[in-house]
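K.L.:
Have a look at the structure that comes next, please.
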Amino acid sequence: NSRDKKYKRILLKLSGEELMGQEGFGIDPKVLDKMALEIGQLVGIGVQVGLVIGGGNLFRGAALSAAGLDRVTGDHMGMLATVMNALAMRDALERCNISSRVMSAIPMSGIVEHYDRRRAIRFLKAGEVVIFSAGTGNPFFTTDSAACLRGIEVQADIVLKATKVDGVYTADPMKDPNAERYTQLSYDEVLDKKLGVMDLTAICLCRDHAMPVRVFKMNKAGALLNIAVGNDEGTLIEE
Ligand code: UDP
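Here it is, written out as C-alpha cells:
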C-alpha cells in the first residue's frame, strides 16, 4: 500500500521565510493553512510530527547586529520571533482540527509550555504535533541546529528540512541553468563541497549522531506526504 508510512516520527524544519508568502515580512495565514493541511496528511497516516519553525520572516540576530544592535540581543529577538511563528502555526493546525502543542526552550509561562523532552515524546506518541520554539534557547545558534538537536533528542527517524528549492544542487539553480540536483549526499560531501544546506553546527550534529536529513520543497503540493510514504523527493543526506 503506497499510503503506508515509512517513518514513525519525523522532525520537520520550516524556515520563517516559508510563512511569509508573497509579502516581504511577517506571516501569511493562507500559507499557514496550506502547511497545516499538509502536516495533517502525515498525522492522518499515523506519522508523529515534531516541528521547528525559524524566525527569519521577522528577525534574525545577524541582520540586526549588522544594523547596529547588540548580537546577543538580536538573537534573543530572533528566538522570540520563532515563538510568534509557532503560535501562528498552532493556531492554523488547531483550525484544521490537528491537536498541537508549543514548547519553548525559554520559559514563557502563560503563553507556551517549557520544553521538556520526556513530555514532548509523550505528546508525540499521543499523536499531537509538537512545535519546538525559541530555537536552542541560546544565542549564536540557528533553528537548523535546533531542529537537528530536537530531532536527535526525541529520536525522530529523520529531519526534513523544507527549502525554497527542491533539494541540494551542484550550483544555485536560480542562477545556473546547468545546476543538477543531488539525490543523495554524505555529511562529509556536504561539508567538503561547502554546499551550505545547513550551518556547520547542524550538519556536524547530525553526522555525529547519524541523523539523516532530507532537503525538499515544502511549497510543492504533496511533497511532504510523498516523503512520508518513502518516495524519492529532494536530496537525502546520510552516512
Ligand atoms: N536564534 C538563536 N538561537 C537559536 C535559534 C535561533 O539565537 O538556537 C535566533 C538567531 O538570531 C536567528 C533567529 O533566531 O537568526 C531566527 O532563526 P533562523 O535564522 O534560524 O530562522 P530561519 O532562517 O529558519 O527562518
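First residue of the sequence shown: 3, per full-length UniProt numbering; consecutive thereafter.
All C-beta atoms in this analysis are idealised placements derived from N, C-alpha and C, irrespective of residue type, glycine included.
#1: Checking the sheet assignment: what are the DSSP bridge partners for residue 237?
#2: Take residue 228 and list the residues in its own chain whose beta-carbon comes closer than 7 Å to its own, dropping the five residues that flank it on each side.
#3: Using a Cβ-based criterion (distance less than 8 Å to any ligand heavy atom), does residue 63 qualify as near ligand 1?
#4: Look at the alpha carbon of residue 18 and the alpha carbon of residue 76, and state the distance between them as a whole number of angstroms.
#5: Excluding the five sequence neighbours on either side, which residues of its own chain have a C-beta within less than 7 Å of the C-beta of residue 42, listed in chain order?
#6: Looking at the unbroken alpha helix (DSSP H) that takes in residue 41, where does it start and where does it end?
#7: Using the C-alpha atoms, what's the distance from residue 104 back to residue 89?
#8: Which complete alpha helix (DSSP H) runs does the stretch 171-199 hold, if anything under 4 residues is left out?
#9: Quick one: what's residue 163 bridged to in DSSP?
#10: Starting from residue 207 and walking both ways along the alpha helix (DSSP H), at which residues does that stretch end?
#11: Helix, strand or coil for residue 67 per DSSP?
#12: For residue 232, which of helix, strand or coil comes out of DSSP?
#13: What are the partner residues of residue 55, as DSSP defines its beta bridges?
#14: Among 192, 49, 79 and 183, which residue has its Cα nearest to the Cα of residue 67?
#15: Which whole runs of the alpha helix (DSSP H) in the stretch 69-107 are 4 residues long or more, in chain order?
#16: Quick one: what's got a C-beta closer than 8 Å to residue 35's C-beta in the same chain, skipping five residues either side?
#17: Would DSSP call residue 4 helix, strand or coil?
#18: Taking the Cβ atom as the reference point for each residue, do residue 133 and residue 86 lie within a distance shorter than 9 Å?
#19: Three-state secondary structure (DSSP) at residue 147?
#20: May I have the straight-line CA-CA distance separating residue 124 from residue 180, to the nearest angstrom?
#21: Can you grab the Cα-Cα spacing for the pair residue 84 / residue 233, in whole Å?
#22: How about residue 141: is its Cβ closer than 8 Å to a heavy atom in ligand 1?
P.N.:
Well, looking at it:
#1: Numbered from 1 along the sequence shown, position 235 holds the residue referred to as residue 237. Per DSSP, 217.
#2: Within the sequence shown, residue 228 is the residue found at index 226, counting from 1. Once the five neighbours on either side are set aside, the close Cβ partners of residue 228 are 235.
#3: Indexing the sequence shown from 1 puts residue 63 at position 61. Residue 63 Cβ: within cutoff of ligand 1.
#4: The residue given as residue 18 occupies position 16 in the sequence shown. The residue given as residue 76 occupies position 74 in the sequence shown. Answer to the nearest angstrom: the Cα atoms are 16 Å apart.
#5: Locating residue 42 in the sequence shown gives position 40, where the first residue counts as 1. So the qualifying residues of the chain are 98 and 100.
#6: By one-based count along the sequence shown, residue 41 stands at place 39. Unbroken alpha helix (DSSP H) run through residue 41: 31-46.
#7: Here residue 89 corresponds to residue number 87 of the sequence shown, with the count starting at 1. Here residue 104 corresponds to residue number 102 of the sequence shown, with the count starting at 1. If you take the alpha carbons of residue 89 and residue 104, they lie about 7 Å apart.
#8: 189-194
#9: The sequence position of residue 163 within the sequence shown is 161, counting from 1. In DSSP, residue 163 forms a bridge with 15 and 217.
#10: Taking the first residue of the sequence shown as position 1, residue 207 is located at position 205. Its alpha helix (DSSP H) spans residues 202-210.
#11: Walking along the sequence shown from the start, residue 67 turns up at place 65. Note: residue 67 maps to helix in three-state DSSP.
#12: For this step, residue 232 is matched to residue 230 along the sequence shown. Here residue 232 sits in coil by DSSP.
#13: Within the sequence shown, residue 55 is the residue found at index 53, counting from 1. Partner(s): 16.
#14: Against the sequence shown, residue 67 aligns to sequence position 65. The shortest Cα separation from residue 67 among 192, 49, 79 and 183 belongs to 79.
#15: 73-97
#16: Here the question's residue 35 lines up with position 33 in the sequence shown. Counting only Cβ-Cβ distances below 8 Å, and skipping sequence neighbours, we find 94, 97 and 98.
#17: On the sequence shown, position 2 is the one that residue 4 refers to. Its pLDDT being 47, under 50, residue 4 is placed unreliably in this model, and the coordinates cannot settle the point.
#18: Start at 1 with the first residue of the sequence shown, and residue 133 comes out as number 131. Start at 1 with the first residue of the sequence shown, and residue 86 comes out as number 84. No. Outside cutoff.
#19: Along the sequence shown, one-based indexing puts residue 147 at 145. Helix, per DSSP.
#20: Reading the sequence shown from its first residue, position 122 is the one you call residue 124. Reading the sequence shown from its first residue, position 178 is the one you call residue 180. Residue 124 and residue 180: Cα-Cα distance of roughly 47 Å.
#21: Counted from its first residue, the sequence shown places residue 84 at position 82. Counted from its first residue, the sequence shown places residue 233 at position 231. Rounded to whole angstroms, residue 84 to residue 233 spans 30 Å at the Cα level.
#22: Taking the first residue of the sequence shown as position 1, residue 141 is located at position 139. Yes, the beta carbon of residue 141 sits closer than 8 Å to at least one heavy atom of ligand 1.
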